[in-house]
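Heads up: the sequence shown begins at 3 in my numbering, then just goes up one per residue.
Built from N, CA and C at the ideal position, the CB exists for glycine as well.
Below is one structure, written out as structure tokens; the observations come after it.
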Amino acid sequence: MQPAVPADDNPPRRYALESLFGPGQDGMVSHTPHAAHLGIRVVETGPGFGVCALPFREELIGDPRRRVIFGGAITTLIDHASGLAVACAVEELTAIATIDLRVDYLRAAEPDLELYARADCYRLTRNVAFVRAAAWERTATDPFASALGTFMLGAHRSDSSFARLMRARRQGSQ
């Protein structure tokens with residue numbers, strides 16, 4: 003029988019965005035211009051997951067007869083939630099780029115309602131993150147779309163405004 007490992011030998015995992023876990027905060031989307039333009043907002047974040055919302059707006063309608071939101075806006079919602087989930091899974095903030103995102107539309111989203119997407123990062127390697135996501139309008143148990151995605155880590159080494167913001171927050175909390 004092996005001796006128990008002291009708790010000190012297994013320090014709790016740290017996350018780059020840990021200071022932002024919980025309910026969404028204003029400005030969390032402002033560093034992604036396309037998401038900000040669509041009105042996407044962050045609802046909640048936690049270790050390895052992100053939930054985002056896309057408010058209904060007339061200009062996002064892709065099918066005027068059925069009042070269904072354009073598929074590209076829904077894909078952007080899912081992509082943003084997925085990238086956020088990856089950012090919430092890594093220990094050190096790094097650039098994240100979508101390699102592949104497969105969205106399966108299970109049914110049309112109901113018209114005139116805010117849409118939500120939750121993504122979970124279920125696996126991280128040194129260079130690639132793997133994500134599952136679902137989108138819904140009324141309840142998460144009845145999604146209108148599901149998705150699988152892969153994301154490159156460290157894709158672009160520039161010093162983004164979001165990375166600068168996170169560094170400033172970390173330095174301010176020490």
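At the C-beta level, ALA38 and SER84 stay beyond 7 Å of one another. Ranked by how close their Cα comes to the Cα of LEU79, the residues GLU139, LEU155, ALA157 have GLU139 in first place. Remark: three or more beta-carbon pairs, one from each stretch, lie closer than 8 Å, so the segment 16-24 and the segment 84-97 are flagged as touching. Within the same chain, ALA18 come within 6 Å of VAL92 by CB-CB distance, once the 5 residues on both sides are set aside. Burial of HIS82 is indicated by the presence of at least 16 other C-beta atoms within 10 angstroms of its C-beta. Positions of the alpha helix (DSSP H) runs, each at least 4 residues long and wholly inside the segment 44-87, cannot be given because no such run exists. For the options PHE153, LEU62, GLY48, GLY50, the alpha carbon positioned closest to that of VAL130 is the one of PHE153. Distance check between GLY41 and each of PHE132, LEU62, PHE146 places LEU62 closest, using alpha-carbon atoms only.
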